[in-house]
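These notes concern the structure reproduced below.
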Amino acid sequence: MVKWDLENGLAMKGKATRRIKALIEELEAEGEL
Amino acid sequence: MRIEEAVANNRRKGFELKVGKEVLFFPYARLRVQPSAQNRVEEVRPDPELGYEGFTYSLEDGSEDTVHVDAVLEYNQDPDYMRELLLHNLTVEVRKQLEESELSRREVIRRLGTSPSQFYRLIDEANRTKSFGQLFDLLHILGCEVEVKVGGRGFRSGTRRTRRKAVGG
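Which chain is which? The protein sequence lines are A and B, in order.
Our numbering applies: residue 15 is where the first sequence begins, and numbers increase by one.
Our numbering applies: residue 273 is where the second sequence begins, and numbers increase by one.
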């Protein structure tokens with residue numbers, strides 16, 4: 015599990031894999047985050 | 273932090289959540305999907321898909337939403353959670369200062385008198401076992417002054433850089 019800091023684009027807990035980062039970018043582009 | 277039990281309390285207009293040994297309250301007013309007298313909470317349960325670090329509730333009309341335990345801890349101003357948040361924000365600030373600094377990482381490590389692995393542990397935002405003192409030492413080496421302000425609720429307590437001093441190479 016990864017806890018993500020949206021403001022700074024950094025993991026607060028756990029490690030964000032490349033796949034998770036891509037998913038976050040995708041969600042941000044869609045305006046879901 | 274796991275949610276052991278979740279109960280809807282319509283009289284108090286909120287959820288009562290057993291987190292560790294404590295029972296924490298989370299009001300309906302903080303929810304994205306809010307229940308009403310005509311559309312009550314039908315079911316609430318700790319969510320296994322979140323590793324029990326959140327709860328999912330559903331309303332009579334079938335709509336549902338999930339709340340992470342962090343939202344509950346933040347609402348209740350949990351001291352451990354608030355400390356973790358402050359530590360994270362301070363680490364983010366340290367990383368920004370490192371990027372801006374003219375000092376090489378090797379030099380910072382030398383001045384800090386520590387090992388590279390300890391240094392990288394310090395600037396890892398996800399690491400929660402470091403101390404505020406170690407981060408203050410690092411900021412000092414980077415030529416920053418840290419001012420700590422403490423106030424009552426409603427006052428945004430925290431640390432901030434006040435000014436940057438010239439640092440010799």
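Idealized CB from N, CA, C, for every residue including glycine.
As the structure is a prediction and not an experimental result, all values here were calculated from the model.
The beta carbons of E417(B) and T363(B) sit about 18 Å from each other, so the pair does not count as a contact at 8 Å. L414(B) and L370(B) do touch by the CB rule: their CB atoms are close to 7 Å apart, below 8 Å. Using a CB distance below 8 Å, the part of the stretch 396 to 412 of chain B facing chain A consists of E397, A398, R400, ordered along the chain.
Contact of V364(B) with chain A by beta-carbon distance below 9 Å involves D19, E21, N22, L24. Contact with chain A is found for G323(B), since one of that chain's Cβ atoms lies less than 8 Å from the residue's Cβ. Here A36(A) is exposed, its C-beta having fewer than 16 other C-beta atoms within 10 Å. Per DSSP, N361(B) lies in no beta strand (DSSP E) segment; the continuous alpha helix (DSSP H) that holds it begins and ends at 351 to 372.
At least one C-beta of chain B is nearer than 8 Å to the C-beta of K27(A). Per DSSP, reduced to three states, the secondary structure at P299(B) is strand. Comparing alpha carbon positions, the residue from N361(B), T401(B), S389(B) closest to G23(A) is N361(B).
Of the candidates A301(B), E294(B), V291(B), the residue whose Cα lies closest to the Cα of R284(B) is A301(B). Three or more beta-carbon pairs separated by less than 8 Å link the stretch 303 to 310 of chain B to the stretch 326 to 339 of chain B, which places the two stretches in contact. Within the same chain, Cβ atoms closer than 8 Å to the Cβ of R367(B) are found at I395, E397, the five residues on either side in sequence being excluded. As DSSP reads the structure, N281(B) sits in a beta bridge with G286(B).
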